[in-house]
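A quick write-up on the structure given underneath.
Protein chains in written order, with this note's numbering: chain F, 540 to 724; chain U, 95 to 574.
The following block contains the structure:
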């Protein structure tokens, strides 16, 4: 079933929308949760919570593509769950990616609490759209999907070193972009 | 936490970008490339040691040594020589046969693409002390020695080496090392790149024959057995090393000795000789000042203009390269003013350049006026502490080392030390000048009106790559 039809089912409050979502994107969502939580039971719960949250937000939303929307919910739920764990139990992949993102925040600046996450997301989207496609893809695979350097290298047939360097440069560019936008002043 | 907020915001970027990143794959499989080039660089390196000490308990299961120490001599793959006599009958056929041989080598190329981390971390670790002296290190040579060491160990001792070499298991490593060896072995008259390995075993100790066979068959190792501590056995080792390295490291090899307590010594060498694709003209040489760390030195500089040159840059360095005939390149990396080679060896971007120069995005084609001092640099490093810093610790400690695949009887053993000697010599014309056709490479850039003076008149870093684009040698020149 195509995404448009599944979204229609959500709008019609047809519970089969959840079954179709699970059939089509269950494995994708579970893989995102597993990568973040590295625990089957927790990941499975986050996957199931994803459909509940989708049910509660569609309508009013009409997400397209649906895969990214569901993935975004899973990612958010998984990160929330992860952050509730003690620091000791946090997974390497997320912690490493979190440390790397420190590069993007200029040292003398701080993120104002009132800065809306949505506004920040819009700025980052704009930034990513202006990058060469492969740089954008590498960045999102690392910091959205939490793939390891090796996995990204294998996916795109790049060397690990090239992936690391691309990420380093992109982080520097993002830092400059955010600084220029004054979002952190 | 600030970065968590950023992490959350990234989670909400536009869905189409997420989908594209998720679905995108490599547009085409990466093709291992061979580079046809020429220089005059003569280089060689040697790692020796891995002398394993043990608590002697006596063992009389001596294998019978039939003749002068050699138990097994490595059988190297057959090579097809580069044909001489361009105008002699049958040249084309012989040339095609050579080309076919070289093309077959391509099957082995690309096996070391996951070794970037290893090359970068070891370069940083082993060369970090290059404050005022020259240091040279052969990443490929150390890789081969560690791969062989992994074969002789078990448990955590082995796992630490596999982790450093980014190998999932010993079978993967064995296959990779075999491919890398073959991709970098050349003795065909066009280029000389010879990797050699040997095992020197105590005649009073029982060894596991299967492991010895694995080393001989997969790593082309020659095996010798004799009386440890005897001058004849030491001379045999020194002689083998000198032969494999063309005598260029004789001042170091003369100090290498195995004493009566040595269980085994593992020695690997690499000898590399190639010519510049475009030789320097000695009449253009000049005497210039090289600003060394502690004083100014008067040196003979070689000068050349390359109208199709390539210039690379990073945040803290500039670099260029010279092509080596039928091999790879020699890269010259010059730190920016106020930055030292040592700083670069701790810099993530500069380290990445060492393994990524071929695909470096920050590069441009322009006229390069290269001025480089002739140099002959050599050093002798003890890699023990460096390897420990990189996580290879267990095999140095009697209480944790596990050499059970190597030893046929129960006895404790540990590595006593790892020496690594290396030397790189460059001059105008190369080591040999033979009559062969210089093969041109495709894709040369159009000459640019822009030009740059690339003058290596202060401490710099060099990298020599081989046919497989892997770093054969990395060095720091502080005093040409």
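The C-beta atom is built at its ideal place from N, Cα and C for all residues, glycine as well.
Nearest-angstrom beta carbon gap, residue j and residue i [assumed within contact, 8 Å]
| i | j | result |
| --- | --- | --- |
| residue 359 of chain U | residue 352 of chain U | 5 Å |
| residue 231 of chain U | residue 475 of chain U | 7 Å |
| residue 237 of chain U | residue 259 of chain U | 7 Å |
| residue 104 of chain U | residue 663 of chain F | 6 Å |
| residue 416 of chain U | residue 405 of chain U | Going by Cβ atoms, the distance from residue 416 of chain U to residue 405 of chain U rounds to 13 Å, so no, they are not a contact pair. |
| residue 278 of chain U | residue 564 of chain U | 7 Å |
| residue 643 of chain F | residue 717 of chain F | 7 Å |
| residue 586 of chain F | residue 569 of chain F | 5 Å |
| residue 342 of chain U | residue 517 of chain U | 5 Å |
| residue 656 of chain F | residue 106 of chain U | 6 Å |
| residue 435 of chain U | residue 570 of chain U | 5 Å |
| residue 234 of chain U | residue 566 of chain U | 5 Å |
| residue 555 of chain U | residue 438 of chain U | 6 Å |
| residue 296 of chain U | residue 356 of chain U | 6 Å |
| residue 315 of chain U | residue 293 of chain U | 6 Å |
| residue 451 of chain U | residue 214 of chain U | Not a contact, Cβ separation roughly 12 Å. |
| residue 560 of chain U | residue 421 of chain U | 6 Å |
| residue 574 of chain U | residue 384 of chain U | 6 Å |
| residue 676 of chain F | residue 118 of chain U | 5 Å |
Reference residue i; option with closest CA among the options
| i | options | result |
| --- | --- | --- |
| residue 112 of chain U | F:709, F:678, F:718 and F:548 | F:678 |
| residue 323 of chain U | U:298, U:224 and U:311 | U:298 |
| residue 500 of chain U | U:242, U:559 and U:428 | U:242 |
| residue 560 of chain F | F:581, F:721, F:540 and F:619 | F:540 |
| residue 369 of chain U | U:446, U:286 and U:309 | U:286 |
| residue 522 of chain U | U:326, U:464, U:364 and U:396 | U:396 |
| residue 272 of chain U | U:224, U:570 and U:206 | U:206 |
| residue 547 of chain U | U:504, U:213 and U:400 | U:400 |
| residue 410 of chain U | U:441, U:386 and U:387 | U:441 |
| residue 306 of chain U | U:101, U:337, U:245 and U:255 | U:245 |
| residue 387 of chain U | U:446, U:433 and U:315 | U:433 |
| residue 465 of chain U | U:505, U:452 and U:382 | U:382 |
| residue 344 of chain U | U:201, U:515 and U:178 | U:515 |
| residue 509 of chain U | U:492, U:519 and U:498 | U:492 |
| residue 193 of chain U | U:566, U:480, U:459 and U:175 | U:175 |
| residue 576 of chain F | F:684, F:692 and F:693 | F:684 |
| residue 282 of chain U | U:454, U:505 and U:196 | U:196 |
| residue 659 of chain F | U:288, U:189, U:163 and U:99 | U:99 |
| residue 636 of chain F | F:674, F:681 and F:623 | F:681 |
| residue 550 of chain F | F:601, F:661, F:581 and F:707 | F:601 |
| residue 588 of chain F | F:616, F:597 and F:608 | F:616 |
| residue 444 of chain U | U:462, U:459, U:460 and U:425 | U:425 |
| residue 337 of chain U | U:264, U:314, U:290 and U:216 | U:290 |
| residue 667 of chain F | U:211, U:108, U:373 and U:318 | U:108 |
| residue 448 of chain U | U:185, U:184, U:212 and U:164 | U:212 |
| residue 553 of chain F | F:595, F:618 and F:640 | F:595 |
| residue 625 of chain U | F:614, F:669 and F:641 | This structure does not reach residue 625 of chain U, given that chain U is present from 95 up to 574, and the question cannot be answered. |
Those residues which DSSP pairs with residue i across a bridge
| i | result |
| --- | --- |
| residue 470 of chain U | U:519 |
| residue 296 of chain U | U:320 |
| residue 415 of chain U | U:425 |
| residue 287 of chain U | U:280 and U:366 |
| residue 393 of chain U | U:382 |
| residue 568 of chain U | U:231 and U:557 |
| residue 360 of chain U | U:293 |
| residue 403 of chain U | U:460 |
| residue 546 of chain U | U:462 |
| residue 315 of chain U | U:291 |
| residue 301 of chain U | U:501 |
| residue 338 of chain U | Looking at the DSSP assignment, residue 338 of chain U forms no beta bridge with any residue, so it has no partner. |
| residue 398 of chain U | U:464 |
Review point. Residues in the stretch 691-708 of chain F with C-beta within 7 Å of chain U's C-beta atoms, listed in sequence order?
Key: The stretch 691-708 of chain F vs chain U, Cβ under 7 Å: 694, 695, 696, 698, 699, 700, 701, 703, 704 and 707.
At which residue ranges does the stretch 419-468 of chain U contain complete alpha helix (DSSP H) runs of 4 or more residues, listed in the order of the chain? List check, alpha helix (DSSP H) in window: 435-438 and 442-450.
Going residue by residue through the stretch 157-224 of chain U, where are the continuous beta strand (DSSP E) segments of at least 3 residues, counting only ones entirely within it?
Annotation: the stretch 157-224 of chain U contains the following complete segments of the beta strand (DSSP E) (minimum length 3 residues), in chain order: 164-166.
Worksheet entry | Selection of the stretch 595-615 of chain F by Cβ proximity to chain U, strictly under 8 Å | Answer set for the stretch 595-615 of chain F: 602, 603, 604, 606, 607, 608, 610, 611, 614 and 615.
- Task: With 9 Å as the limit, tell me which residues of the stretch 554-587 of chain F have their beta carbon closer than that to any beta carbon of chain U; keep them in chain order.
- Result: From the stretch 554-587 of chain F, only 567 have a Cβ closer than 9 Å to chain U.
*Which ranges would you report for the alpha helix (DSSP H) in the stretch 223-248 of chain U if only whole runs of at least 4 residues count?*
The stretch 223-248 of chain U contains these whole alpha helix (DSSP H) runs: 233-246.
Taking only beta carbons into account, state which residues of the stretch 208-226 of chain U come closer than 8 Å to chain F, listed in chain order. Across the stretch 208-226 of chain U, CB contacts with chain F closer than 8 Å involve 208, 210, 211 and 214, in sequence order along the chain.
inquiry  = What are the residues in the stretch 95-121 of chain U lying within 7 Å of chain F by C-beta distance?
reply    = Within the stretch 95-121 of chain U, those residues whose Cβ lies closer than 7 Å to any Cβ of chain F are, in chain order, 96, 97, 98, 99, 100, 101, 102, 103, 104, 105, 106, 107, 108, 109, 110, 111, 112, 113, 114, 115, 116, 118, 119 and 120.
query = For the stretch 417-451 of chain U, which residues have a CB atom closer than 7 Å to at least one CB atom of chain F, in sequence order?
reply = For the stretch 417-451 of chain U, which is checked against every Cβ of chain F, the residues closer than 7 Å are 442, 443, 446, 449 and 450.
Looking at chain U, which residues of the stretch 668-687 of chain F have a Cβ within less than 9 Å of any of its Cβ atoms?
Residues 668, 672, 673, 675, 676, 677, 678, 679, 680, 682, 683 and 684.
Runs of alpha helix (DSSP H) lying entirely within the stretch 663-689 of chain F, each at least 4 residues, in chain order | Here the runs fully enclosed are 672-682.
Positions along the stretch 452-472 of chain U whose CB lies within less than 7 Å of some CB in chain F: Result list: 453.
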